[in-house]
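Notes for the one structure printed next.
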Amino acid sequence: MEYYSSHINRLIEQLSSLPGIGAKSAQRLAFHILNMPADQVEKLTSSISDARKNVRYCKNCYTLTDREICPICSNEERDHTTIMVVENTRDLAAYEKTGKYNGVYHVLHGAISPMLGIGPDDIRLKELIARLAGDVKEVIIATNSSLEGETTAMYLSRLIKPTGIRVTRIASGVPVGGDLEYIDEVTLLRALEGRVSL
Ligand code: ZN
1 MEYYSSHINR LIEQLSSLPG IGAKSAQRLA FHILNMPADQ VEKLTSSISD
51 ARKNVRYCKN CYTLTDREIC PICSNEERDH TTIMVVENTR DLAAYEKTGK
101 YNGVYHVLHG AISPMLGIGP DDIRLKELIA RLAGDVKEVI IATNSSLEGE
151 TTAMYLSRLI KPTGIRVTRI ASGVPVGGDL EYIDEVTLLR ALEGRVSL
């Protein structure tokens with residue numbers, strides 16, 4: 001890309017290092033940014049650096065927040081004896097959007113993956129175990145239904161069961177609006193196993 005100035009090249013290079021941004025999108029974004037009013041560009045860059053500077057992990061559940069203890073953990077109205085374990089803050093946000101869950105969370109920031117060399121010590125598992133010493137009645141494992149998510153769920157349930165705390169796994173199965181004939185057997189089997197009485 002010799003035909004652009006090195007400033008433009010640097011911007012394109014930085015943008016294309018972001019997830020989901022290929023070379024073409026990076027170019028489009030770069031030229032869009034170059035055409036933006038200077039004060040708007042300033043707002044964009046300062047929002048990025050401010051977020052990076054001020055956002056940290058909640059000391060309790062390890063979600064991303066700008067306080068020492070996140071708003072969910074500091075909410076007295078929520079049921080602190082039920083902990084839902086999720087892989088990342090986006091999954092927490094997804095459950096929060098349902099508005100139906102009143103417990104608290106624990107964010108692992110990943111999942112166990114022997115293939116990628118990610119072990120139990122590489123995610124926030126120890127921190128979860130430490131929380132179980134408190135008054136906890138149920139741990140809901142809401143990791144993804146991927147191989148990594150399932151491995152993590154198995155590992156966690158084996159670890160927690162001996163403590164006598166109830167361990168549950170979110171049901172997975174037929175998506176709403178899904179056509180049964182197009183769904184794979186594993187998913188159907190899971191749907192059957194996770195059936196509820198009507
Ligand atoms: Zn928290």
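Under our numbering, the first residue of the sequence shown is numbered 1, with each subsequent residue one higher. We put the beta carbon where it would ideally sit given N, CA and C, even for glycine.
- Runs of the alpha helix (DSSP H) lying entirely within the region 12 to 75, each at least 4 residues long, are 23 to 35, 38 to 54 in chain order.
- Contact check between the region 106 to 119 and the region 52 to 62: three or more CB pairs, one atom from each, fall below 8 angstroms, which counts as touching.
- Boundaries around R166 are those of the beta strand (DSSP E), 166 to 169, since no alpha helix (DSSP H) includes it.
- Less than 9 angstroms divides the Cβ of I83 from the Cβ of G103.
- Taken from the Cβ of N35, every heavy atom of the ligand ZN lies 8 angstroms or farther away.
- Going by C-alpha positions, S49 is about 40 angstroms away from K137.
- When the beta-carbon positions are compared, S113 and E148 come within less than 9 angstroms of each other.
- Classified as buried, I12 has 16 or more neighbouring CB atoms from the shown chains inside 10 Å of its CB.
- Taking the C-beta atoms as reference points, V174 is found nearer than 9 angstroms to T187.
- Rounded to whole angstroms, the separation of the alpha carbons of I141 and A153 is 6 angstroms.
- Of the residues assessed, T98 falls on the exposed side of the cut-off, its CB having fewer than 16 other CB atoms within 10 angstroms.
- Restricting attention to alpha helix (DSSP H) runs no shorter than 4 residues, the region 128 to 183 encloses them at 147 to 160, ordered along the chain.
- A residue is called buried when at least 16 other Cβ atoms come within 10 angstroms of its Cβ; A30 meets this threshold and is buried.
- Shown here, I83 sits in a strand according to DSSP, grouped into three states.
- Minimum Cα-Cα distance from M115 among the listed residues Y4, I170, S5, S146 corresponds to S146.
- Counted as a single uninterrupted DSSP element, the stretch harbouring V107 is not any alpha helix (DSSP H) but the beta strand (DSSP E) occupying residues 103 to 107.
- The three-state secondary structure of I112, taken from DSSP, is coil.
- E76 counts as exposed, since fewer than 16 other C-beta atoms from the protein chains shown sit within 10 angstroms of its C-beta.
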